[in-house]
Every structure is written in C-alpha cells, then in structure tokens.
Amino acid sequence: MQFFRSRVAALSLLAAVALTPACQRGSYVAKPELAPVTAQPVGKAYAEDPKVAAVIEPYKQRVTQQMTEVIGMAPVAITKNNGESPLANFVADIQRERASKALSQSIDVGVMTNGGLRAALPAGNITLGSVFELMPFENELVVLDTPGPVMQQLFDYAAHLKMALSNVTYSVGPDGKPANIRVGGKPFEPARTYTVAISDYLAGGGDNMVFFKAIKPRSTGVLLRNAIADHIRSLTKQGKPIEAKVEGRVKVM
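Per my numbering, the very first residue in the sequence shown carries number 260; after that it's consecutive.
(1) Give me, in chain order, the residues of the same chain whose beta-carbon lies closer than 8 Å to that of GLY415; leave out the 5 immediate sequence neighbours on both sides.
(2) May I ask which residues mark the beginning and end of the beta strand (DSSP E) holding ASP352?
(3) When you compare the stretch 331-350 with the stretch 310-322, are there three or more beta-carbon pairs, one atom per stretch, that lie closer than 8 Å?
(4) Could you check whether ASN467 and ARG355 sit closer than 8 Å to each other, using their CB atoms as the reference points?
(5) Work out the CA separation of ASP367 and ALA423 for me, nearest whole Å.
(6) Got a sec? Which residues, its chain only, sit under 8 Å from ARG398 by beta carbon, not counting five neighbours each side?
(7) Please state whether the Cβ-Cβ distance between VAL390 and MET371 is less than 8 Å.
(8) By DSSP, does LYS475 sit in helix, in strand, or in coil?
(9) Determine whether the beta carbon atoms of GLU502 and ALA333 lie at a separation below 8 Å.
(10) Given this structure, state the Cα-to-Cα distance separating GLY444 from THR428, to the nearest angstrom.
(11) Pull the bridge partners of ARG441 from the DSSP assignment, please.
(12) Going by Cα to Cα distance, which pick from VAL288, LEU494, ILE440, VAL509 is closest to GLY407?
(13) State buried or exposed for MET410, treating a residue as buried only when at least 16 other CB atoms are found within 10 Å of its CB.
(14) Kindly indicate which residue of GLY498, GLU307, ALA306, SER359 has the alpha-carbon position closest to the one of ALA486.
(15) Is the separation between the beta-carbon of VAL431 and that of VAL511 shorter than 8 Å?
(16) I'd like the span of the beta strand (DSSP E) that includes VAL329, first residue to last.
(17) Just tell me which of ALA418, PHE396, THR386, ASN373 has its CA closest to the CA of ASP489.
(18) Ordered along the chain, which non-local residues of its own chain (more than five positions away) have a Cβ less than 7 Å from that of LEU365?
(19) Beta carbon of ASP404, beta carbon of THR479: below 8 Å?
(20) Could you tell me the distance, in whole angstroms, from the CA atom of GLN325 to the CA atom of PRO433?
(21) Could you have a look at LEU293 and say whether DSSP puts it in helix, strand or coil?
(22) Who are the near neighbours of VAL276 in its chain, counting only those whose CB is closer than 8 Å to its CB and skipping five residues on each side?
(23) With respect to the beta strand (DSSP E) encompassing ASP489, which residues constitute its N-terminal and C-terminal limits?
(24) Quick check: the Cα distance between LEU393 and ARG377, rounded to an integer number of angstroms?
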C-alpha cells in the first residue's frame with residue numbers, strides 16, 4: 260500500500276513538472292516606456308541666440324570662403340544623362356588618371372555610374388562648392404584587380420544601361436549584349452586580369468554592382484571629391500578650360 264501511494268505521488272509530481280513550464284515560461288511581452296519629449300522645434304519663430312551665433316560665425320565664414328573659391332571655368336555646363344554622358348566620362352577619366360598616379364602603375368579602366376553624380380558642373384565659374392554638390396559623399400578612390408569573368412559582368416551591366424567606361428569602347432546590339440569590347444584600344448581578353456579605378460561604394464556592391472564584392476580593394480588614400488577638385492585646379496593652372504563631351508565610347512547598333 261505504501262508502495263502504491265509512493266508511485267501515485269511520483270506520477271503526480273511528474274505530471275506537475277511536465278505541465279508547469281507552460282505557466283512559468285510564458286512569452287515575454289515588452290512594455291515600452293517612451294522618454295518624455297524634451298526637444299524643442301526649431302523654426303523662424305525662435306530668435307537666434309547671440310552667444311551661439313558668435314561661436315558659429317568664424318566657422319561659417321571659413322566654410323563660406325572655402326566653398327566660394329573659384330577653381331576653374333567651364334565654357335558650357337558639364338551634365339549627365341542616360342547612356343554615355345559628358346560628366347560621367349569626365350569623372351571616370353579622372354579616377355583612372357589619379358589612381359594611376361597614387362599607385363604608380365597604369366590603370367586599365369575607370370568606372371562611374373550616374374547615381375554617384377549628384378549635380379552638373381555649371382557653365383562659367385566652378386567653385387569648390389560645385390564639386391561638393393557633384394560629389395557630396397566621403398567616397399574613397401580604390402583599385403580592383405579584376406579577373407576577366409568579372410570584367411565581363413561589368414560590361415554586361417554597362418551595356419544594359421549603355422553606360423560609358425573610361426578607356427573602354429564597345430557596341431550594344433539589339434539583344435542588349437556588349438560586343439566589340441576594346442580596352443585601351445585592344446580587344447578584351449577574358450583570361451586577363453584588369454585594374455579598375457572605382458569608388459569604394461561601388462566596389463562594395465553599390466548600385467547593384469554585386470559582382471565586385473568578392474574582390475579586395477586596394478586603397479589609394481584619395482577621396483574622390485578631392486581627386487575631382489585637384490584635377491580642375493590642375494587644368495586651370497595650365498590655362499585650360501574645364502570641358503568634357505560624349506566621345507562615342509558606346510555605340511548602339
């Protein structure tokens with residue numbers, strides 16, 4: 260009888276243990292508590308604090324002075340458009356040239372998409388502020404050692420958009436595929452590795468250039484914005500205007 264009572268007690272305890280977790284470990288329900296709003300809206304209704312304005316004024320003057328510095332002159336505006344454009348040609352060429360200097364080696368190709376160019380360079384005086392409007396990002400110029408199969412993916416991507424590349428010419432047929440690809444005037448060699456000057460953003464897969472992500476970039480230590488400004492200053496020092504044009508880098512069949 261004692262054994263029977265012990266067995267029943269044991270079974271009861273086991274049942275209790277099996278059933279209680281559902282009660283003890285119910286899902287946690289968060290109870291968010293928002294901090295009281297302490298910020299004040301800023302608008303024209305609020306008077307300027309003279310003490311704060313006095314602190315900011317020297318920095319404001321310095322920034323204004325830098326941004327209004329004239330660094331070049333363009334006879335006509337340098338603009339972007341779908342397909343090959345003057346502005347994309349201009350920036351892609353600068354990338355290839357500056358990367359070549361930074362790494363002391365020849366660079367095969369320069370790449371810039373329209374998405375990375377946020378404003379045209381205006382006709383007339385070009386200021387440093389104009390360059391900041393064109394390239395407001397802190398993108399670094401990098402170089403990718405790109406094997407032939409990945410280069411083919413780049414050309415396929417470019418042909419879809421009819422996008423020009425620096426030091427490259429190709430044609431696009433009715434099927435939208437790139438053909439007659441030439442790099443530096445020579446036929447594209449799929450078995451070769453090519454050097455590509457590009458922004459770190461695009462090198463990391465930006466603008467759907469995911470085919471570059473597996474390649475480790477080589478740093479130049481140069482911000483793309485600075486490369487553009489330096490190039491414009493250099494042309495101005497040589498007495499040259501700032502110009503760019505469509506050159507037939509992409510031929511649509």
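A virtual CB, placed ideally from N, CA and C, is assigned to each residue, including glycine.
Quick answer:
(1) As a working note, residue 415 is residue 156 in the sequence shown. In the sequence as displayed, the identity of residue 415 is Asp instead of Gly. Answer for ASP415: LYS436, PRO437, listed in chain order.
(2) Counting from one through the sequence shown, the residue named residue 352 turns up at place 93. Unbroken run through ASP352 is the alpha helix (DSSP H), 345-362; no beta strand (DSSP E).
(3) Contact fails: fewer than three Cβ-Cβ distances are below 8 Å.
(4) Taking the sequence shown and counting its residues from 1, the one referred to as residue 355 is at position 96. Taking the sequence shown and counting its residues from 1, the one referred to as residue 467 is at position 208. No.
(5) The residue labelled residue 423 in the question sits at position 164 within the sequence shown. The residue labelled residue 367 in the question sits at position 108 within the sequence shown. Put simply, the backbone Cα of ALA423 is about 14 Å away from that of ASP367.
(6) Indexing the sequence shown from 1 puts residue 398 at position 139. Just to set this straight, residue 398 is Asn in the shown sequence, not Arg. Result list for ASN398: GLY375, SER458, ASP459, TYR460, LEU482, LEU483, ARG484, in chain order.
(7) On the sequence shown, position 131 is the one that residue 390 refers to. On the sequence shown, position 112 is the one that residue 371 refers to. It is not a contact, given that the beta carbons lie outside the stated cut-off.
(8) Looking up residue 475 in the sequence shown gives position 216. Taken through DSSP and simplified to helix, strand or coil, LYS475 comes out as coil.
(9) Here residue 502 is taken as the residue at index 243 of the sequence shown, counted from 1. Here residue 333 is taken as the residue at index 74 of the sequence shown, counted from 1. Cβ distance < 8 Å, so GLU502 and ALA333 count as in contact.
(10) Residue numbering aside, residue 444 sits at position 185 when the sequence shown is read from its first letter. Residue numbering aside, residue 428 sits at position 169 when the sequence shown is read from its first letter. Linking GLY444 to THR428 through their CA atoms gives a straight-line distance of about 8 Å.
(11) The residue labelled residue 441 in the question sits at position 182 within the sequence shown. Listed as beta-bridge partners of ARG441 by DSSP are THR428, PRO446.
(12) Numbered from 1 along the sequence shown, position 148 holds the residue referred to as residue 407. For the residues VAL288, LEU494, ILE440, VAL509, the minimum Cα distance to GLY407 belongs to ILE440.
(13) Against the sequence shown, residue 410 aligns to sequence position 151. In summary, MET410 is buried, with 16 or more beta-carbon neighbours lying within 10 Å of its beta-carbon over all protein chains present.
(14) In the sequence shown, residue 486 corresponds to position 227, counting from 1. Of the listed residues, the one whose Cα sits closest to ALA486 is SER359.
(15) Residue mapping note: residue 431 aligns to position 172 of the sequence shown, counting from 1. Residue mapping note: residue 511 aligns to position 252 of the sequence shown, counting from 1. Yes, these two residues count as a Cβ contact at 8 Å.
(16) Within the sequence shown, residue 329 is the residue found at index 70, counting from 1. Here the beta strand (DSSP E) through VAL329 covers 329-333.
(17) In the sequence shown, the residue the question calls residue 489 occupies position 230. The residue with the shortest Cα to Cα distance from ASP489 is THR386.
(18) Counting from one through the sequence shown, the residue named residue 365 turns up at place 106. Note on identity: in this sequence residue 365 is Ser, with Leu being the wrong assignment. Cβ contact annotation for SER365 (same chain, cutoff 7 Å, sequence separation greater than five): SER359, in chain order.
(19) The residue you call residue 404 lines up with position 145 of the sequence shown. The residue you call residue 479 lines up with position 220 of the sequence shown. In this structure, the beta-carbon distance from ASP404 to THR479 does not fall below 8 Å.
(20) To locate residue 325, count along the sequence shown from 1; it is residue 66. To locate residue 433, count along the sequence shown from 1; it is residue 174. Each residue's alpha carbon lies about 49 Å from the other.
(21) Looking up residue 293 in the sequence shown gives position 34. Here LEU293 sits in coil by DSSP.
(22) Taking the sequence shown and counting its residues from 1, the one referred to as residue 276 is at position 17. Note that VAL276 scores 40 on pLDDT, short of 50, meaning its location in the model is unreliable; the coordinates nonetheless yield the value given after this. Within its own chain, no residue has a Cβ closer than 8 Å to the Cβ of VAL276 once the five positions on either side in sequence are excluded.
(23) Position 230 of the sequence shown, counted from the first residue, corresponds to residue 489. That residue, ASP489, is in no beta strand (DSSP E); its alpha helix (DSSP H) goes 483-496.
(24) Start at 1 with the first residue of the sequence shown, and residue 393 comes out as number 134. Start at 1 with the first residue of the sequence shown, and residue 377 comes out as number 118. Approximately 5 Å, taken between the alpha carbons.
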